[in-house]
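Heads up: the sequence shown is residues 9 to 352, going by my numbering. For glycine and all other residues, C-beta sits at the position ideal for the given N, C-alpha and C. Just below is one structure, and these are the notes that go with it.
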Amino acid sequence: MKKTLASDNYSGANPEIIEALGRVNVGHQGSYGADDATAGAIAVFKKLLKEDIDVYFTMNGTGANVTALSSVCPSYGAIICSSVAHINVDECGAPEKFGGFKLLTVEKENGKLTPDDITPFLVNLGEQHWSQPKVVSITQATEYGTVYTCEEIKAIADIAHKNNLLLHVDGARISNAAVSLGVSFKEMLVDTGVDFISFGGTKNGLMFGEAVIFLNTKISENYKFVRKQGMQLLSKMRYIAVQFETLFGSDLWKENALHANKMAKKLAEGLGKVPEVVITQEVQANGVFAILPKEVIPAMQEQSPFYVWNEQTNEVRLMCSFDTSEEEINAFIEKLEILTATTA
Numbered sequence: 009m010k011k012t013l014a015s016d017n018y019s020g021a022n023p024e025i026i027e028a029l030g031r032v033n034v035g036h037q038g039s040y041g042a043d044d045a046t047a048g049a050i051a052v053f054k055k056l057l058k059e060d061i062d063v064y065f066t067m068n069g070t071g072a073n074v075t076a077l078s079s080v081c082p083s084y085g086a087i088i089c090s091s092v093a094h095i096n097v098d099e100c101g102a103p104e105k106f107g108g109f110k111l112l113t114v115e116k117e118n119g120k121l122t123p124d125d126i127t128p129f130l131v132n133l134g135e136q137h138w139s140q141p142k143v144v145s146i147t148q149a150t151e152y153g154t155v156y157t158c159e160e161i162k163a164i165a166d167i168a169h170k171n172n173l174l175l176h177v178d179g180a181r182i183s184n185a186a187v188s189l190g191v192s193f194k195e196m197l198v199d200t201g202v203d204f205i206s207f208g209g210t211k212n213g214l215m216f217g218e219a220v221i222f223l224n225t226k227i228s229e230n231y232k233f234v235r236k237q238g239m240q241l242l243s244k245m246r247y248i249a250v251q252f253e254t255l256f257g258s259d260l261w262k263e264n265a266l267h268a269n270k271m272a273k274k275l276a277e278g279l280g281k282v283p284e285v286v287i288t289q290e291v292q293a294n295g296v297f298a299i300l301p302k303e304v305i306p307a308m309q310e311q312s313p314f315y316v317w318n319e320q321t322n323e324v325r326l327m328c329s330f331d332t333s334e335e336e337i338n339a340f341i342e343k344l345e346i347l348t349a350t351t352a
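Below, the structure is given as structure tokens:
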């Protein structure tokens, strides 16, 4: 079966994850998280982050984001985020519909918010005619494949907390960000002041499932009820939990993410040698954004399917996965060189 550069969601599950699922598929275990694998996965996260956290598992990333944000932001509240944030453009209005709150978006060429982007929204606080900002949500790594440094995250956390706002991280590709920075999850999330995070695994080798982790346990009281109401409480929780226990209980998460990032760098290096191609974003995680000649895009999609990110500019998104191979990258670049030379 053809592999693609369309999305890290297209890849299968890592073989070690498949083995882990088989291990818990024997006998009976307690339901709704009352099982050994869930306890084990929570212990793994406490080791990675800190002891005083609350960990919950959900079935998918949108469910993690929506239930997490809805549990802390009232319907009269607002979430500050990038205009390209997944919660704004890729969740079909679920955050607003389910939570009832407002999204306040900022146009960013690289997808990264700064403290200066947040300041304009910190007006009319307490004014009953205005939606009240309650949360800043950032994506790590961003939808453009860029990565916040620990210093940048801390600066955002500081301004948020100074104004009684919470900091949420959409960490669908959190592992790719961590290996890109060369830091631990504790350094990137705990030490910077993040309050809660949607902790991703599906894009890094899991079959399904995400986690919602409250580093600030003072705000987690309502979450279990919102998760149930939001239809994200899986009865056979062990099938999600054992995947996280396996992925983060060893260096498997790091190996997967390092490989995906490495393949993205290799892809970018190859694209950079093709004169007709313009790379539009710094390649920091496992995604490459580039402008290709319009006439070669259909043929290149036949070689390896991918998404056109911006139809007006012919900017495309090329995503690498834990199982992307150097042979695939070489074949993609080779065909692109042939096509661009032919159409020049």
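The beta-bridge partner set that DSSP reports for Gly179 consists of Phe207. In the structure shown, the three-state DSSP call for Tyr247 is helix. The residues Val291, in chain order, have a CB closer than 7 Å to that of Lys273 in the same chain once the five nearest residues on each side in sequence are set aside. For Pro313, the closest C-alpha among the options Gln320, Cys89, Ile337, Thr321 is that of Ile337.
Per DSSP, the beta bridge partners of Pro141 are Ala86. With the rule of 3 Cβ pairs closer than 8 Å, the segment 55–70 counts as touching the segment 234–245.
Per DSSP, Asn318 is one residue of the beta strand (DSSP E) stretching across 315–318. Sequence-distant Cβ neighbours of Ser91 in its own chain, meaning closer than 8 Å and more than five residues away, are Val97, Thr113, Val114, Glu115, Lys116. Annotated as distal: Val144 and Ile161, with beta-carbon spacing of 7 Å or more. Around Leu175, the same chain offers Val144, Ile164, Ala165, Ala168, Gly201, Val202, Asp203 as residues with beta carbons nearer than 7 Å, after the five sequence neighbours per side are excluded. Close CB contacts of Gln148 within its chain, under the 8 Å cut and outside five residues either way in sequence, are with Val155, Tyr156, Ile161, Val177, Asp178, Gly179, Arg181, Ile182, Ala185, Met196 (chain order). Bounds of any beta strand (DSSP E) do not take in Asp44; it lies within the alpha helix (DSSP H) bounded by 44–56. Glu263: member of the alpha helix (DSSP H) spanning 260–280, first to last residue.
Around the beta-carbon of Phe330, 16 or more other beta-carbon atoms lie within 10 Å, marking it buried. Here DSSP, grouped into helix, strand and coil, assigns Glu310 to helix. Spanning the alpha carbons of Gly280 and Ser19 requires a straight line of approximately 25 Å. Spanning the alpha carbons of Val282 and Ala268 requires a straight line of approximately 22 Å.
A buried status is given to Arg246, since no fewer than 16 other beta-carbon atoms sit within 10 Å of its beta-carbon.
Contact between Phe193 and Leu57 holds: CB atoms are separated by about 6 Å, below the 8 Å threshold. Shortest Cα-Cα distance from Glu24 to any of Val187, Ala298, Trp261 involves Trp261. Cβ neighbours of Thr288 within its own chain (closer than 7 Å, five residues either side excluded): Phe297, Ala298, Ile299, Glu323. When secondary structure is reduced to three states using DSSP, Tyr18 falls in the coil class, being assigned neither helix nor strand.
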